[in-house]
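Report on one structure; see the data block that follows.
Residue numbers (our numbering): 191 to 470.
Right, here's the structure in full:
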């Protein structure tokens, strides 16, 4: 019973942070299950896959109601992520993952630096009349608006640098397949830094995308009978509860606070990836 409560609590924490930042929750679950509780890394990865589904399920409806989840944008970018995952699966037989972990870790450190600069500079998401006038039909179809309760203002946004953003989504898919990670931070940063989308929209959309991507993996593992329901079930229940809470809180949290939280997560991610690369 005590272990059940611990799993529930871990799931709530993972779901809360995963929902707020669009990371799926694996970043929290993996180190706790492996380092703190002593489970094998394969068990942690398997649990993380189901946690992603829980996070996506628990938050998608609320984000859709708050107009933070851009479904058109998610399905458009998911095309490139899926292609990247297929390419990554093909490359996994010839590419050494150790070097890629180090490279991914260094990239997270760089993104943490850019996020720190954004925190110092403040939030600047807006649409100029020139941007709207010169927008393409694709940009217009991927545009959106939502009411930011944290700033008490209506936010209009439009995707920029779509070709580059799509290519980075392709790379996120490659990294996901090669390294066995959700690459949620990669997706959020692509939308936030490259495509110029608000951080809240980027997080909500990345959450949904990770759920779509994770369905096939979850079905495969479940059909193979390799799922330990004594671990997975309470953690997923906690994740759903935590992600539901996070989806209610996120519209009310100032973007600056989310960026600080994301900065800390980026640093933790960078250290984890770097150490996994050095340790093989």
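The C-beta atom is built at its ideal place from N, Cα and C for all residues, glycine as well.
Residue j beta carbon less than 9 Å from that of residue i
i           : j           : result
residue 378 : residue 396 : yes
residue 291 : residue 464 : yes
residue 202 : residue 405 : no
residue 426 : residue 388 : no
residue 252 : residue 438 : yes
residue 236 : residue 422 : yes
residue 219 : residue 451 : no
residue 266 : residue 332 : yes
residue 386 : residue 349 : yes
residue 309 : residue 449 : yes
residue 207 : residue 306 : no
For residue j and residue i, the rounded distance between their alpha carbons
i           : j           : result
residue 227 : residue 325 : 51 Å
residue 458 : residue 328 : 36 Å
residue 390 : residue 296 : 24 Å
residue 337 : residue 298 : 30 Å
residue 196 : residue 354 : 42 Å
residue 246 : residue 276 : 22 Å
residue 442 : residue 281 : 42 Å
residue 432 : residue 413 : 27 Å
residue 375 : residue 257 : 21 Å
residue 264 : residue 398 : 7 Å
residue 317 : residue 334 : In this prediction, residue 317 scores a pLDDT of 45, lower than 50, which makes its location untrustworthy; no coordinate-derived value is stated.
residue 205 : residue 241 : 8 Å
residue 392 : residue 194 : 33 Å
Residue i, buried or exposed, once every other Cβ within 10 Å from all chains shown has been counted against 16
i           : result
residue 268 : buried
residue 403 : buried
residue 284 : exposed
residue 243 : buried
residue 382 : buried
residue 261 : exposed
residue 462 : buried
residue 311 : exposed
residue 469 : exposed
CA nearest to the CA of residue i, picked from the options
i           : options            : result
residue 300 : 466, 362, 456, 365 : 456
residue 373 : 244, 217, 257, 386 : 217
residue 330 : 347, 343, 293, 340 : 347
Expected contact under 8 Å - CB spacing of residue i and residue j to nearest Å
i           : j           : result
residue 467 : residue 364 : Their Cβ separation, rounded to whole angstroms, is 16 Å, which puts residue 467 and residue 364 out of contact at 8 Å.
residue 408 : residue 198 : Not quite, the Cβ-Cβ distance comes to about 20 Å (not below 8 Å), so this is no contact.
residue 527 : residue 302 : It is not possible to answer for residue 527, since the shown part of the chain is limited to 191 through 470.
residue 212 : residue 394 : 7 Å
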